[in-house]
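Notes for the one structure printed next.
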Amino acid sequence: MGYLPLYYNSSSSSSSLILKKSLLSSNFSSISYQFNSNTSNDKNLPIVKPVTTTATTVIETKKPIKKTFFQTRLGHFIKWSILTCGIFSGSILTLIIGFFLYDYTTYVAPEIGDSVLVHQLALNPPRGGPENLPILIQNLDDLDTPEKENNSHRPKLVILGCGWGSVGLLDTLKPNDYDVTVISPTNYFLFTPMLPSAAVGTLELKSLIESVRNIIKRVNGHYLEAYAEDVLFSEKLVKVRVKCNDENSNNNNDDDNKKDKFFYVPYDKLIVGVGSTSNTHGVAGLQYSNQLKTAEDAILIRKKIIKNLEKACLPTTTNEERKKLLSFVICGAGPTGVEMAAEIYDLLHEDIIKGFPRILAQEVSIHIIQSRSHILNTYDKTISDYAMKRFENDQIDLLTNSRVKEILPDKVVFAQKSINKETGICDDDSKSVEIKEIPYGLCLWSTGVAQNPLAQKIVKNLSHSQNNKRAIETDSQLRVIGSPLDNIL
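In this text, residue positions in the sequence shown follow the UniProt record's numbering: the first is 1, and each later residue adds one.
Below, the structure written as structure tokens:
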């Protein structure tokens, strides 16, 4: 209930005061009070007469508006979905168009003119040195860029090899300090720890290699795919050998194409990073085995594994031939041999079984020949024990205290010492050694590393200062001990 104020009209001769009272309902009454100032009662108050009026409020109802389809929930969802897809598609289209416009406006075609500047000494190198061989004084690309032209007048830094040490050095060199030349028979840097995975196809080789030319591009260097044969300290020359390639020779009677070619590379500073080779231990028949040092070795191993598996599925293959094809012998239980054995096991028992007959997984055999009583002898004994227990669970044959005598085209001959049951120690008596044979379809030789032939020559030439026959001795700054002028590292 609400109350309205009183209104007093002073212009009227008969003053009247109206009081309105409203009731909040659909039907309400309005009461007016009127009084005359001339009329008085006993208390000289104006007489107020109520006047009642009744009013009725009419409420108009509107008809409900019919909703369209896009005003419903499903319509809203479809409408916003179409709008979102349109915005997303338009953004993608805009990015594609922008990419092509950017490529079109920024692409610069390589400038290859009708004539290219090349040093005359690069085309016709002079001869000299003890054997009167060509001397590489200028490179073919010395005038390709202004940076290379400027570096051609700087001290010559020759790096032999493109392994971990050489690539690590290239990453720290400043672009304009030296005229860098890398000499290596392989034109790529290889991440060797993952090489066993690449050999069985778990990883692709392209994810493990990096081109040497891409690496030396930062320092505006040069690359020569050749072998470093010898170092002439007094003349400050490196003798380089270019291996002949009979496959590219069209005329087999051409003696010039069959002979290796040699030349000299001068240096001001020499970096020796040629790495190592596999240790043969004087075992005969290594040409029948595979090694795992380069990317080419991994490719050969992968091809041989697949070839043996496919041949084992043929109906013309007997049971004995199938077991021989599926026999894998690994000579050496170092990191490479153990990792390769594990990768072959995973390949044949987890991956190959999905596409080949199941009988192949049953007839696969993996053998590891180790000269000592445990594997991974350069690691902690806990790691070695764990690996041996794991191989026993996987039924990988561990032939410890064994030495390979000879590798034949179809089998490995080795000598194994017997273990004294009372003491648990191998007997050194020659009578306790037993000669055994294992047929194989693939034999991997990984029995450690030996000194590179170039490193052997350096040690021999510096025999007055070099006492270690298995490595090159250096000082605390990696300078070769005994080298003249301390310019060989």
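Backbone N, C-alpha and C define an ideal beta-carbon position, used for all residues, glycine too.
Can you round the beta-carbon distance between residue i and residue j to whole angstroms, since I take them to be within the 8 Å contact cut?
{"i": "S184", "j": "A450", "result": "In fact, because the Cβ distance is near 19 Å, the residues do not count as touching under 8 Å."}
{"i": "V158", "j": "V219", "result": "The Cβ separation is near 13 Å, so there is no contact."}
{"i": "A295", "j": "Y188", "result": "7 Å"}
{"i": "A361", "j": "H349", "result": "6 Å"}
{"i": "L326", "j": "V364", "result": "5 Å"}
{"i": "L203", "j": "S197", "result": "4 Å"}
Taking a contact to mean a Cβ-Cβ separation below 8 Å, would you say residue i touches residue j in this structure?
{"i": "I135", "j": "Y264", "result": "yes"}
{"i": "N176", "j": "N150", "result": "yes"}
{"i": "S446", "j": "S402", "result": "no"}
{"i": "P409", "j": "F233", "result": "no"}
{"i": "D260", "j": "K243", "result": "yes"}
{"i": "I359", "j": "L309", "result": "no"}
{"i": "V274", "j": "L160", "result": "yes"}
{"i": "I330", "j": "H367", "result": "yes"}
{"i": "I407", "j": "G285", "result": "yes"}
{"i": "I438", "j": "K411", "result": "yes"}
{"i": "L266", "j": "K293", "result": "Correcting the residue type first, residue 266 is Pro in the shown sequence and not Leu. No."}
So who's on the other strand from residue i, going by DSSP bridges?
{"i": "L232", "result": "L237"}
{"i": "T474", "result": "V480"}
{"i": "R403", "result": "A415"}
{"i": "K269", "result": "L157"}
{"i": "R127", "result": "P134"}
{"i": "I438", "result": "V412"}
{"i": "residue 490", "result": "For the chain, the structure presents residues 1 to 489; residue 490 sits outside this window and is missing."}
{"i": "E210", "result": "F189"}
{"i": "L398", "result": "I368"}
Reducing DSSP to helix, strand and coil, say where residue i ends up.
{"i": "H76", "result": "helix"}
{"i": "V364", "result": "coil"}
{"i": "Y264", "result": "strand"}
{"i": "Q451", "result": "strand"}
{"i": "N41", "result": "Per-residue confidence for N41 stands at a pLDDT of 49, beneath the threshold of 50, marking its modelled position as unreliable; the derived number appears in the next sentence. Of the three classes helix, strand and coil, the one that applies to N41 here is coil, per DSSP."}
{"i": "Y223", "result": "strand"}
{"i": "S81", "result": "helix"}
{"i": "S26", "result": "Annotation note: pLDDT 42 at S26 (below 50); position unreliable, coordinate value reported separately. The answer is coil: DSSP assigns S26 none of H, G, I, E or B."}
{"i": "F100", "result": "helix"}
{"i": "V433", "result": "strand"}
{"i": "E339", "result": "helix"}
{"i": "G332", "result": "coil"}
{"i": "S289", "result": "coil"}
{"i": "V167", "result": "helix"}
{"i": "D351", "result": "helix"}
{"i": "V242", "result": "strand"}
{"i": "Y33", "result": "Low local confidence applies: a pLDDT of 47 at Y33 is under 50, so the model's placement there is unreliable, and no value is given."}
{"i": "L444", "result": "strand"}
{"i": "L485", "result": "helix"}
{"i": "T68", "result": "coil"}
{"i": "S384", "result": "helix"}
{"i": "T106", "result": "helix"}
{"i": "T378", "result": "coil"}
- [ ] Enumerate, from N- to C-terminal direction, the unbroken beta strand (DSSP E) stretches of 3 or more residues contained entirely within the stretch 180-208.
- [x] Considered as a whole, the stretch 180-208 harbours 188-190 as its complete beta strand (DSSP E) runs of no fewer than 3 residues, in chain order.
TODO: Starting from the N-terminal side, write out each stretch of the beta strand (DSSP E) that is 3 residues or longer and does not extend beyond the stretch 134-165.
DONE: 156-160
Task: Unbroken stretches of the alpha helix (DSSP H), 4 residues or longer, contained in the stretch 295-330 - done: 295-312 and 319-325
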